[in-house]
Structures are given as C-alpha cells and as structure tokens.
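For the sequence shown, numbering that gives the first Met the number 0 assigns the number 0 to the initial residue and increments by one for each residue that follows.
We put the CB at the ideal spot given by N, CA and C, even for glycine.
Inspection log for the structure reproduced underneath, given as structure tokens.
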Amino acid sequence: MRDETKCLHAGYTPKNTEPRVVPIVQSTTYVYDSTEDVAAVFDDPMKSLIYSRFGNPTVMAVEDKIAELEGGVGAMCTTSGQAAVLLSLLNICAAGDSFISLTEIYGGSVNLFSYTLKRLGIECIYIDKNASDEEIDQAFKPNTKALFGETLANPALTVLDIERFADIAHRHKVPLIVDNTFATPVLCKPFEYGADIIVHSTSKYMDGHAVQIGGAIVDSGKFDWTCGKFPGLTEPDESYHGISYTDTYGKKAYIVKARMQLMRDFGVYPAAHSAFLLNLGLETLAVRMKQYCENALAVARYLEKSGYVEHVNYPGLERDENYSLAKKYLKGCSGVISFVIKGGKENAMRFMNTLQLASNEVHVADIRTCVLHPASETHRQLTEEQLEAAGIDSGMVRLSVGLEHVEDIIEDLERAFSGLKI
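Structure (structure tokens):
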C-alpha cells in the first residue's frame with residue numbers, strides 16, 4: 000500500500016459487523032477465565048492485553064499504523080514526544096553511559112539531555128553536523144550507546160544527512176535514533192537510509208489539529224543488539240523471570256523491552272481517547288503534508304524577497320545550504336519556516352504581536368498558521384552558546400504555515416512587516 004492508503008487503512012481492519020472506524024476501548028482492565036491465564040501474561044505481557052498501562056486496543060491500532068508508515072517492526076505510543084525521546088534512550092542507556100547528539104535539535108531535548116539525563120548519570124556529547132568524520136569519531140567513547148539527530152531540526156530547519164550519520168553510528172556499533180517529527184513518514188522514511196530507531200512528537204503534524212499531546216517510538220528491527228554493547232537486551236531480565244529480549248523476541252527486541260520494562264515502570268502510555276483523536280489526524284496526514292509543503296514554499300519565496308528579512312531557513316529554497324540534502328531525503332520540506340527579521344529581537348516580537356491571522360503560540364505543525372520566538376520562548380533556558388550552536392538568532396521567528404489560503408497568510412505577514420522600522 001502507498002502512504003495515502005496506509006493512513007486510512009493500516010493498523011485496523013474491521014471484521015464482519017464490526018465498526019468501520021477504530022473504536023475507543025475505554026477500559027483500564029481486561030477479564031481472564033483463570034488465574035493461570037493471568038499469571039502467564041504477567042510472565043510475558045506480550046501474550047495478550049492485561050492492563051492499559053502496557054497496551055490498549057485503540058492505542059495499539061495507532062501504533063501499528065505508525066509502524067507501517069515508517070516501515071518498522073513495531074511502535075509504542077507515549078504520552079508526549081518528550082517521553083518518547085526519553086524512553087528511546089533509557090531503553091539502551093544506564094548510569095555511566097553516554098550518547099552523542101547533534102547540536103541542532105529541539106530546545107526541550109537539549110534541556111533533557113544536558114540536565115535531567117546528566118543527573119541520572121548519562122552523559123550527552125554534542126557534535127556539530129558539519130564536523131568531519133574524524134572529529135565525530137573522536138567524540139565516541141567505549142560507553143557511548145547511541146547517536147541522536149532530527150530529520151528536520153527544530154527550529155533551525157537543517158536537514159540531517161541520515162546515511163552519513165547512520166554509517167558513523169554503525170561503525171561504532173551503536174544505533175542512529177532520528178526524531179522524524181517535522182518530516183513525518185510521508186516526507187521522509189529514515190529507516191530506508193540506515194536509521195535504526197525513530198521518535199515522534201505525534202502532537203505535531205501527525206495529529207495536526209492541536210487536540211492531543213503524544214509521542215511514538217518506532218523500531219526498524221534491523222540493528223544488531225547482540226554486538227556486545229547492549230547487555231540489557233541480551234542478558235536475562237530478572238524482572239521478567241530471566242527473559243532475554245533478543246533470544247525471545249528477535250527483531251522486535253528493542254520495542255518489546257521498551258514496553259515490558261520502561262512502560263511498566265514509567266507508565267507514560269496515552270489514553271484511548273487521545274489515540275482515537277490521533278488516528279483521525281493520521282487519516283489525512285498524506286493529504287495535509289502536500290498542502291503544507293506547497294503553502295510553505297510559496298511563503299518562503301515571499302520572505303526571501305522581503306526587505307524586512309535578513310535570512311530565511313527553508314530547505315525547499317534553491318539557495319538554502321540544505322537544499323541538496325532535502326532533495327536527497329525529503330519529498331517536501333514541511334510547513335515550518337524559520338527566518339531572521341532585521342532589527343533583532345525587538346522587531347521580531349513587534350512583528351509577531353501585530354499578526355492577525357497567525358497565532359502566537361507555543362506550538363507548531365498545526366492546521367492553522369502560528370508563530371513563535373524561539374530565543375525567548377521554547378529555547379529560553381539555553382545559554383547564548385547553546386542558542387548559537389542550535390542555529391537560533393535573537394531575531395529568529397519560527398513560522399508554522401497552516402492550511403489557510405496562502406495569499407491570506409502572505410497578506411497577514413505583509414501587514415505585520417509594514418509596522419516595522421528597519
């Protein structure tokens with residue numbers, strides 16, 4: 000099936016007389032005929048449903064759809080994208096370990112990596128995407144367990160050279176984890192270029208309507224966890240009667256461990272109703288992404304010619320430094336644009352406060368156009384050095400182009416620009 004068809008049909012196939020639409024199974028618990036049956040599932044929760052902290056039929060239908068869209072062997076939904084990023088790393092990292100991340104990533108991820116995981120004894124080593132292979136090789140340590148990057152960086156809009164970083168990661172026998180939130184599987188399928196694990200904030204384009212917070216982890220099933228660096232996946236798990244995930248679950252070892260071990264202990268599983276809303280968004284994802292890309296490219300070209308704009312970041316523009324990578328990896332560059340307004344922070348904030356159609360909100364990838372000032376909002380906890388490393392200027396505005404008529408969006412921008420002094 001093509002993506003348009005998967006968005007509608009993957010994950011749920013109703014049988015005779017069953018509901019056409021994925022039903023909401025609003026139950027925390029499931030009934031068994033005997034205590035022996037319950038005991039068997041406690042030994043191995045993958046045998047069947049036991050409690051909605053592990054799995055729920057509505058959520059599982061969405062997990063299967065996302066896994067099919069990405070081309071993975073399995074997926075696990077979480078209560079937020081931040082939870083997905085956290086669990087993707089905790090599944091293979093423990094106190095005393097390290098992992099490597101590109102600097103151009105979401106500010107919330109920087110905080111998580113630099114402070115919270117550090118307090119847990121896990122070190123994040125940052126690298127520049129333009130560093131040489133030799134420099135990146137030197138960043139790896141014997142205890143390094145993963146390499147992390149974003150397909151389309153938020154908000155710098157740089158494009159990850161997935162094949163290059165997958166090769167580097169695999170040379171050091173660690174997986175490449177890719178945050179594919181902005182691209183979605185409609186625009187990019189990182190597994191096809193060597194990525195091993197994909198994470199999403201499903202609150203963004205997948206949902207598209209700003210009605211639920213959620214995340215997802217997807218397992219390619221291709222990484223060799225038996226390479227000697229991941230005893231948590233290969234050695235017996237005492238909390239599950241000595242199960243070895245690689246021996247018992249094979250290609251699904253990573254995603255099963257995430258569910259059986261981490262979801263059991265952290266309990267960040269989404270509600271059935273949230274998954275139902277997410278599924279409605281997924282059903283139109285392929286159609287919406289095409290229009291987002293079309294609208295954003297028109298707006299980016301308008302901004303490129305504006306006398307009020309110092310610089311535009313949108314890899315769909317021919318003059319963008321990421322254009323060649325975008326042509327290689329992406330079927331479109333999403334609806335998110337970042338641009339630097341002349342006059343710095345003061346002009347950027349005046350511009351945003353004057354907009355009428357676009358909403359000033361801490362969100363992105365909505366059906367409605369919205370704007371945000373990263374330096375003073377989502378990335379305000381970052382130091383000046385971290386802001387610079389993330390590609391964030393004080394005059395930068397992140398514009399998430401929605402599905403309104405593109406001329407209405409441009410007219411709103413023009414009105415706001417006309418009130419600026421440069």
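Residue i and residue j closer than 7 Å at C-beta
i      : j      : result
LEU277 : GLY342 : no
VAL177 : THR150 : yes
ALA299 : ILE336 : yes
GLY401 : ILE366 : yes
ASN153 : TYR105 : yes
TYR307 : LEU419 : yes
GLU122 : THR157 : no
TYR69  : LYS5   : Position check: residue 69 holds Glu in this sequence, whereas Tyr was assumed. Contact flag unset, no.
CYS76  : ALA182 : no
ILE135 : ILE126 : yes
SER399 : GLY334 : yes
PRO128 : LEU101 : Checking the sequence shown, residue 128 turns out to be Lys, not Pro. In contact: LYS128 and LEU101 (Cβ atoms closer than 7 Å).
PRO235 : SER243 : yes
GLU403 : THR368 : yes
VAL217 : ALA297 : no
GLN211 : SER305 : no
THR311 : PHE338 : The amino acid occupying residue 311 in the given sequence is Val; Thr does not appear at that position. In contact: VAL311 and PHE338 (Cβ atoms closer than 7 Å).
TYR29  : VAL37  : no
In DSSP terms, what residue i is bridged to
i      : result
PHE338 : VAL311 and VAL396
TYR50  : THR28
LEU261 : In DSSP, LEU261 forms no bridge with anything.
GLY148 : VAL177
PHE98  : CYS123
LEU371 : ARG397
VAL158 : LEU151
GLY73  : ASP218
THR143 : SER97
ASN278 : DSSP, once it has assigned bridges, lists no residue as partnering ASN278.
ASN359 : VAL370
Top-ranked residue by Cα proximity to residue i, from the options
i      : options                           : result
THR233 : GLN211, ILE216, ALA252 and GLN290 : ALA252
SER79  : VAL267, GLU320 and ILE421         : VAL267
ALA209 : GLN260, LEU279, ILE242 and GLU191 : LEU279
SER323 : CYS123, ASP36, ASP160 and GLN355  : ASP160
ALA257 : THR12, MET45, MET0 and VAL396     : MET45
SER375 : CYS369, ARG397, SER358 and GLN355 : ARG397
VAL61  : TYR11, GLY231 and LEU119          : TYR11
ASP422 : LEU356, GLU383, ALA364 and PRO189 : Outside the displayed range of the chain (0 to 421) lies residue 422, so it cannot be described from this structure.
LYS172 : LYS228, PRO373 and LEU296         : LYS228
LEU7   : ASN359, ARG318, GLU133 and ILE65  : ILE65
CYS292 : TYR204, LEU175, ASP411 and ALA9   : TYR204
ASP264 : LEU284, SER238 and ILE242         : SER238
PRO18  : THR247, THR57 and ASP43           : THR57
THR225 : THR247, TYR31, HIS240 and PRO13   : THR247
GLU320 : ALA155, ALA364, LEU261 and SER417 : ALA155
ILE254 : GLN385, ALA415, ARG1 and GLY71    : GLY71
GLN385 : LYS117, VAL109 and ASP63          : VAL109
ALA347 : ASP43, ILE421 and HIS240          : ILE421
LYS117 : ARG1, SER97 and LYS188            : SER97
ALA39  : THR382, VAL363 and HIS240         : HIS240
ALA295 : SER131, ILE409 and ASN359         : ILE409
Looking at C-beta atoms only, is the number of pairs between the segment 38-55 and the segment 203-221 that lie closer than 8 Å three or more?
no
Segments of 4+ residues assigned as alpha helix (DSSP H) that fall wholly inside the segment 187-275
230-233, 244-248 and 252-256
Is it the case that the segment 187-195 contacts the segment 343-362, given that we only count it when at least three CB pairs across the two stretches are under 8 Å?
no
Stretch-stretch touch, CB-based, cutoff 8 Å, three pairs: the segment 18-35 with the segment 84-102
By the criterion of at least three beta-carbon pairs nearer than 8 Å, the segment 18-35 is not in contact with the segment 84-102.
With a threshold of 8 Å, are at least 3 pairs of Cβ atoms found where one atom belongs to the segment 161-173 and the other to the segment 256-275?
no
Could you tell me whether the segment 136-148 touches the segment 90-97, where touching means 3 or more Cβ pairs closer than 8 Å?
yes
Three Cβ pairs or more, each shorter than 8 Å: is that satisfied between the segment 325-332 and the segment 280-296?
yes
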